[in-house]
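Numbered per the numbering used here, the sequence shown spans residues 86 to 398.
From the three backbone atoms N, C-alpha and C, an ideal C-beta is built for every residue, glycine too.
Scroll down for the structure; my scribbles are underneath it.
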Amino acid sequence: MAPAIAAGCPFVLKPTAKTPIGALIIAEVLAETDLPLGAFSVMPCSNDDAAPLVEDDRIALLSFTGGLIGWDMKARAGRKKVVLELGGNAACIVDAEPGRDLDSIVDRLVSGAYYQSGQSCISVQRIHAHASIYDALRRKLKAAIVKLPAGDPRDENTFIGPMIDEDAAKRVEEWIAAARKAGAKKIVGGRREGNLMPAWLLEGVPRNADLYRREAFGPVALMEPFEDFEDALDAVNDSDFGLQAGVFTGRLDHAMRAWDRLDVGGVIVGDIPSFRVDNMPYGGVKQSGIGREGVRYAIQDMTETRLLVIRDC
């Protein structure tokens, strides 16, 4: 919305039916400004009712954040520009020389994996740790995760709150069960209560498991060791998604190698893939989408480059 307002582009915001209130609050705020009538509209409605917004040629740009259904929307969008931010299963490498102490890395990994109960498109889902520090990292992660308070999100002390609905929690539960049946081992985990899913950490998850290949979008992460840095890069790239990746390394050559080889939209060296600020280009490759968000980059998509030449004849 901010890029559209800055560029002078009228927009229609269609929030997901499961979380419309935030969009309506923003609409109330915008209604109190000097924006002209028609500068913005907020339409809480079903996906079926929103179909004309996708297909109508009078709308110049479709910008969608969500799941893989975005590709179907792109196919129906006609000639308009399309920007898709469709999530991922973000990975983070912890090198043998990680560049900072393990305790601070654990703090960042726990935050990235379980903040908002993992319901973030750049949540830390896969952790690739060098074999020399793997056991120590696993031990520290387990100790930190078991201390995370879960429960009512209205309690300021709660870190793990409920998922968006019970179906989403059941899906994560099923993926965990399938991975364990295929040989994965629990490091930390617990029982689901309705849509409250406790924090899970597993190891030995097969690479063909849903928990490895798809976007979990829940409070679950997996970890696996590597011996060679190139193998870790291969593991990160072994995904249909490519939004962002994190790399903890104290070696500049490894950082630049990751930047050169990782097939993702953003490489975050010295932090988790969940790092994001609004002025940076944000978006992915492969199934993670097309185009870039971020104020400056969104404005570019919302406008046309035009040329005026006045020659002295």
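Since residue i contacts residue j with CB under 8 Å, what's their CB separation in whole angstroms?
i, j, result
"Ala320", "Val332", "Not a contact, Cβ separation roughly 12 Å."
"Trp289", "Leu328", "This sequence places Gly at residue 289; Trp is not what is there. About 25 Å; that fails the 8 Å criterion."
"Leu287", "Ile272", "6 Å"
"Ile218", "Ala181", "6 Å"
"Val179", "Met128", "Contact flag wrong, Cβ pair sits at about 44 Å."
"Pro304", "Met282", "6 Å"
"Asn364", "Gly379", "6 Å"
"Lys225", "Val191", "5 Å"
"Ala267", "Pro291", "5 Å"
With respect to the beta strand (DSSP E) encompassing residue i, which residues constitute its N-terminal and C-terminal limits?
i, result
"Gly331", "329 to 333"
"Arg211", "211 to 215"
"Gly107", "Here Gly107 belongs to no beta strand (DSSP E); instead the alpha helix (DSSP H) covers 106 to 116."
"Ile178", "176 to 179"
"Leu233", "First-last for Leu233: undefined, no H or E at that position."
Among the options, which one has its Cα closest to the Cα of residue i?
i, options, result
"Ser205", "Gly151, Asn242, Asp142, Thr390", "Gly151"
"Glu389", "Ser208, Ile245, Lys165, Arg223", "Lys165"
"Lys227", "Ala383, Met308, Leu328, Arg265", "Met308"
"Gly359", "Ser324, Arg211, Asp316, Asp180", "Residue identity check: residue 359 is Ser in the sequence provided, not Gly. Of the candidates Ser324, Arg211, Asp316, Asp180, the one whose C-alpha sits nearest the C-alpha of Ser359 is Arg211."
"Ile353", "Ala235, Gly379, Cys398, Ile207", "Ile207"
"Ala112", "Ala102, Tyr219, Ser126", "Ser126"
"Asn132", "Gly379, Gly155, Asp397", "Gly155"
"Lys255", "Arg277, Leu337, Met128", "Arg277"
"Asp141", "Met158, Ala216, Leu153", "Met158"
"Ser324", "Ile395, Thr101, Ala253, Val349", "Val349"
"Ser373", "Trp344, Asn174, His215", "Asn174"
"Arg336", "Ala89, Ile375, Gly184", "Gly184"
"Pro234", "Tyr200, Ala306, Ala263", "Tyr200"
"Asp134", "Met365, Asp186, Lys99", "Lys99"
"Ala216", "Ala317, Trp344, Ile375", "Ala317"
"Arg223", "Ile144, Ala306, Gly236", "Ala306"
"Arg381", "Lys371, Pro366, Leu392, Ile375", "Pro366"
"Gly197", "Asp237, Asp356, Leu138, Cys398", "Asp356"
"Gly351", "Pro95, Cys130, Gly172", "Gly172"
"Trp285", "Arg292, Pro291, Ala301, Asn293", "Ala301"
"Glu170", "Asp313, Asp240, Ala91, Ala383", "Ala383"
Which partner residues does residue i have in the DSSP bridge list?
i, result
"Lys266", "According to DSSP, which records beta bridges pairwise, Lys266 is partnered with nothing at all."
"Gly351", "Gln329"
"Thr150", "Glu170"
"Val370", "Gly327"
"Ser126", "Val97"
"Pro310", "Ala214"
"Lys271", "Leu287"
"Ile375", "Leu169"
"Ile245", "Ala235"
"Val394", "Looking at the DSSP assignment, Val394 forms no beta bridge with any residue, so it has no partner."
"Val257", "Partner(s): none; Val257 has no beta bridge."
"Val305", "Trp285"
Return the first residue and the last residue of the alpha helix (DSSP H) that residue i is part of.
i, result
"Ala160", "154 to 161"
"Met282", "No alpha helix (DSSP H) holds Met282; DSSP gives it neither H nor E."
"Glu140", "136 to 140"
"Ala89", "87 to 92"
"Ser196", "187 to 199"
"Leu455", "Since the first and last residues shown for the chain are 86 and 398, residue 455 lies out of range."
"Val321", "314 to 322"
"Val380", "380 to 387"
"Asp240", "Segment: none, Asp240 is in no alpha helix (DSSP H) and carries neither H nor E."
"Arg298", "295 to 298"
Apply the 10 Å Cβ neighbour rule to residue i and answer buried if 16 or more other Cβ atoms are within range, or exposed otherwise.
i, result
"Cys177", "buried"
"Ala269", "buried"
"Val114", "exposed"
"Lys103", "exposed"
"Leu147", "buried"
"Ser202", "buried"
"Ser189", "exposed"
"Ala362", "Rather than Ala, the amino acid found at residue 362 in this sequence is Val. Val362 is exposed by the Cβ-count criterion."
"Thr118", "exposed"
"Val168", "buried"
"Val394", "exposed"
"Thr101", "exposed"
"Ala87", "exposed"
"Ile245", "buried"
"Gly93", "exposed"
"Ala160", "exposed"
"Asp279", "In the sequence as presented, Asp is not what sits at residue 279; that position holds Gly. That one is exposed."
"Pro247", "buried"
"Asp386", "buried"
"Ala264", "buried"
"Ala162", "buried"
"Gly274", "buried"
Please confirm if residue i has its CB atom under 9 Å from at least one CB of chain B.
i, result
"Glu288", "The chain labelled as chain B is not found in the depicted structure, where only one protein chain is given."
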